[in-house]
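Asker: Per my numbering, residue 344 is the first one in the sequence shown, and the count goes up by one each step.
We treat Cβ as the ideally placed atom computed from N, Cα and C, and that holds for glycine.
Would you mind keeping the following structure in view while I ask a few things?
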Amino acid sequence: MTKIGFVGVGKIGQTIAYSIVMDGLANEAVFYDIVPEVGEKFEHEMRHAVTTRGLNVEMLGTTNIDDINNYDIIVITAGKPRKEGMSRRDLFADNAKLMFELSKQLPNRNPGALYIMVTNPVDMMASVFQKYSKQFTISTGDQVETMRMRSYIAKKLKVPVTQVNGFVGGEHGEDAVIFWSTVTVKGKPIEQYNIDKKEVEEYVKKIPAEIIRVLKGTTWGPATIIKDIVRSVVKNENRVMSIAVPNEFEGEMIHVGIPTVVGASIGPTLESTLSEKDRESFNAALRDFHKTFKELMSQVQLTA
Ligand SMILES: NC(=O)c1ccc[n+]([C@@H]2O[C@H](COP(=O)([O-])OP(=O)(O)OC[C@H]3O[C@@H](n4cnc5c(N)ncnc54)[C@H](O)[C@@H]3O)[C@@H](O)[C@H]2O)c1
344 MTKIGFVGVG KIGQTIAYSI VMDGLANEAV FYDIVPEVGE KFEHEMRHAV TTRGLNVEML
404 GTTNIDDINN YDIIVITAGK PRKEGMSRRD LFADNAKLMF ELSKQLPNRN PGALYIMVTN
464 PVDMMASVFQ KYSKQFTIST GDQVETMRMR SYIAKKLKVP VTQVNGFVGG EHGEDAVIFW
524 STVTVKGKPI EQYNIDKKEV EEYVKKIPAE IIRVLKGTTW GPATIIKDIV RSVVKNENRV
584 MSIAVPNEFE GEMIHVGIPT VVGASIGPTL ESTLSEKDRE SFNAALRDFH KTFKELMSQV
644 QLTA
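Printed below as a string of structure tokens:
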């Protein structure tokens, strides 16, 4: 019996909710958005979709946050998306205020829920939400970059995607780093293949902005990947995924992407299995994140 709440029913929120419900991962789902009728009309759409599939799912679309009551998993996509030319960090101030508000509203009614942050800048929003809610929060981190990296290598080398492995870590976005020591094709290190690593890195960093320029947002890729994160939790699959989990750094809980076992419980991370070079990249990402996070937090006023 899994109850999954969706906070934000916009472009990515709808796509994630659709993917999760149609995969049969939720017995109950609530679609909450601040804009009147959005959640409610989306509920109708979803009812029509589950009916043809023969799925019995309790669903509610609402503008009342109190309807998210006793939920197991809460997926947060509410907030501003970036427009063409913006960086994810440009969203920090507006979305941090929203996370602060949600951190005061959601936890009381949902004890023990797992919070999954999607709103950008996603790792920082997870840290803001966790800081003020004191709830265990994960960020979708670099699992999206990980799949972008694997897809590009598979296409370039003309091999099945299932034969490409490896992870991207660090902060989601322009600062993400490919952990090259983890990347294999048909079980062999990537160094044995003729591929330009810089080109792969460029693709992983630049493709989201290109998709946003034309399609006004990224949806299907991230939504399917985020659904798989939820799937791994609900089905206790224990897949290794590059999400960001709370990590204590200089007294602050911060979120930076690292391959992590994702199941009914989250962890451990696979940090110790990385090469020294990749571990150093991860530690550098933690240091950079912490510094930027403190700077950005000092520029916003978060009070009740
Ligand atoms: N982590 C990822 O990989 C990833 C991928 C895609 C998008 N995103 C991020 O997800 C967020 C949403 O993107 P989108 O394209 O769906 O944007 P969108 O504008 O289509 O949807 C955002 C929704 O949030 C709602 N909202 C705003 N304030 C709210 C509040 N206080 N309570 C409830 N709902 C509220 C809006 O009404 C809107 O429906 C953005 O920050 C975007 O950058 C992250």
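K426 to K549, Cα distance in whole Å?
Answerer: Answer to the nearest angstrom: the Cα atoms are 14 Å apart.
Asker: If you scan the region 543-617 from start to end, which runs of the beta strand (DSSP E) of 3 or more residues do you find wholly inside it?
Answerer: 582-592, 595-605 and 609-612, all fully within the region 543-617.
Asker: My understanding is that V373 touches D410, with C-beta atoms under 8 Å, so please give their C-beta distance in whole angstroms.
Answerer: Rounded, the Cβ-Cβ distance is 5 Å, consistent with contact.
Asker: Within 10 angstroms of the Cβ of K570, are there 16 or more other Cβ atoms? Answer buried if so, exposed if not.
Answerer: Buried, because 16 or more other Cβ atoms sit within 10 Å of the Cβ of K570.
Asker: Does the Cβ of A519 have 16 or more other Cβ atoms within 10 Å, making it buried, or fewer, making it exposed?
Answerer: Classification of A519: buried, given that the 10 Å Cβ count is 16 or more.
Asker: Does the distance from the C-beta atom of E386 to that of M365 stay below 8 Å?
Answerer: In this structure, M365 does not lie closer than 8 Å to E386 by Cβ.
Asker: Kindly say whether H387, judged by its beta-carbon, lies nearer than 8 Å to any beta-carbon of chain C.
Answerer: Included in the structure is just one protein chain, with no chain C present.
Asker: Judging by CA-CA distance, which residue of Q486, F435 and M596 is the nearest neighbour of V513?
Answerer: The residue you asked about is not Val; residue 513 is Gly in the sequence shown. Closest option to G513, Cα to Cα, is Q486.
Asker: Pull up the DSSP beta-bridge partners for M460, would you.
Answerer: Paired residues: I419 and S482.
Asker: Let me check you understand the geometry: is the CB of G606 closer than 7 Å to at least one non-hydrogen atom of ligand 3?
Answerer: In terms of ligand content, the structure shown lacks ligand 3 and carries ligand 1 instead.
Asker: Alpha carbon to alpha carbon, what distance is there between I496 and N413?
Answerer: Going from the Cα of N413 to the Cα of I496 covers about 42 Å.
Asker: Give the single residue among I377, Y361 and G397 whose Cα lies nearest to the Cα of M389.
Answerer: Of the listed residues, the one whose Cα sits closest to M389 is Y361.
Asker: Could you tell me the alpha carbon to alpha carbon distance between E638 and P589, rounded to whole angstroms?
Answerer: Answer to the nearest angstrom: the Cα atoms are 19 Å apart.
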